[in-house]
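For this note's numbering, add 1078 to where a residue sits in the sequence shown, where the first one is 1.
Every residue gets a Cβ at the ideal spot worked out from N, C-alpha and C, and that includes glycine.
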Amino acid sequence: MLSSILVPLVPVILCIGTGYLIARVGWVRATAVPDLSNIVFLLLTPALLFRTMGQVHLQELDFRPVGLYFASAALLFGATLAWAPFTTATAARALAHTFSNTVMIGVPLISLVYGPAGLVTLFTLVSLHSLVLLTAATLVFELAQARAGADDGHSMARTVWQAVRGSIVHPVPLPILAGLLFAQTGLPLPEVVDKPLQMLGAALGPMALLLVGIALAHTRIGAHWRGALRIAAAKNLAMPLTLAALAWALGFSGPAVAVMFTASALPVGANVLYFTQRYGVMQEEVSSAIAISTALALATVPLALAAARLFM
């Protein structure tokens, strides 16, 4: 059992470690990280998403496990808001506690552990992940700003609409939706298009994991490590425990639930940092939390994979 868990994790750990090493020795400088991110998110990710979902029919999708994920996220998000004063800083922590790195780490990990069927389940989540969580977070951030008297006079409805539009017109949800629409036509993807997409999609896993290691090497933890560690513990441990408790209470099980449980145990996603930059709050602490939760995931994800077998 232990070997079946560790075998798919070895390439994940080696790729992240290699990325960290080549950044530390100076082969990849910090100034190159945005360009590498563009390759991953604007080229490799859309290729894999479109090609995978381009073979899926809508009737094959099961949204119940995805609903379980969002229900557990809502519980943890609400508990975080209730635990502390209602401020934009609390809203930032709540988002960090619930927003997973489903692409850069989630895609290669789920692919190695659960195969193509697991990827379809993950992509069903990914297609709604940013839309649901970032739109909800926008509402909370705007309400917190208004309560603090920091509203700059712009319309909340306009801000929420911008969040919704930005979550759809994005290099992750768009190719998923485009692939699903193409699949419904029943047409085969021409080989002259399919082969390049296959090659680009195959490069996503190692490239994304290398980028994670490179980003870790160039991230400074700083003086906010205590708060960042609390965020990392909530994301890596409290989020999957919440989902497990809810799945048990509702009697949910099966491979798709195992995929959602694994996704809930992934470290904090980078979109949280973009949100804190937008609202000018918790930027250093969230940046540190992303690094700490990613490093912590090397220990917590194997535990999550072992626990996920209980849902199979």
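{"Asked": "Identity of the residue in S1365, T1340 and T1096 nearest L1351 by Cα", "Found": "S1365"}
{"Asked": "Closest by C-alpha distance to M1131, when choosing among F1148, T1199 and V1346", "Found": "T1199"}
{"Asked": "Nearest neighbour of G1391, chosen from R1102, L1126, L1120 and T1372 [CA to CA]", "Found": "An answer regarding residue 1391 cannot be provided, because it is not within the stretch 1079 to 1390 covered by the chain."}
{"Asked": "Sequence-distant residues of the same chain with beta carbon closer than 6 Å to V1346, five excluded per side", "Found": "A1174, K1313, A1367, I1368 and S1371"}
{"Asked": "Beta-carbon separation (whole angstroms), M1360 vs V1118, contact threshold 8 Å", "Found": "In fact, because the Cβ distance is near 25 Å, the residues do not count as touching under 8 Å."}
{"Asked": "Touching by the beta-carbon criterion (3+ pairs, under 8 Å), the region 1148–1168 and the region 1260–1275", "Found": "no"}
{"Asked": "Nearest to T1176 (by Cα), restricted to the options M1390, L1321 and A1336", "Found": "L1321"}
{"Asked": "A1152 versus T1158 - alpha carbon distance", "Found": "10 Å"}
{"Asked": "Local Cβ density within 10 Å of V1106, reported as buried at 16 or more and exposed below that", "Found": "buried"}
{"Asked": "For S1178: DSSP bridge partner residues", "Found": "V1346"}
{"Asked": "The region 1159–1172 contacting the region 1325–1333, beta-carbon criterion three pairs below 8 Å", "Found": "no"}
{"Asked": "Cβ-Cβ distance between L1114 and P1249 below 7 Å", "Found": "no"}
{"Asked": "Where A1162 sits in the DSSP three-state scheme", "Found": "coil"}
{"Asked": "Outcome for A1323 when other beta-carbon atoms lying within 10 angstroms are tallied against a minimum of 16", "Found": "exposed"}
{"Asked": "Extent of the continuous alpha helix (DSSP H) run through V1111", "Found": "V1111 to I1117"}
{"Asked": "Extent of the continuous alpha helix (DSSP H) run through L1136", "Found": "Neither: L1136 is in no alpha helix (DSSP H) and is coded neither H nor E."}
{"Asked": "N-terminal and C-terminal residue of the alpha helix (DSSP H) that S1331 is part of", "Found": "Unbroken run through S1331: none, as it is neither H nor E."}
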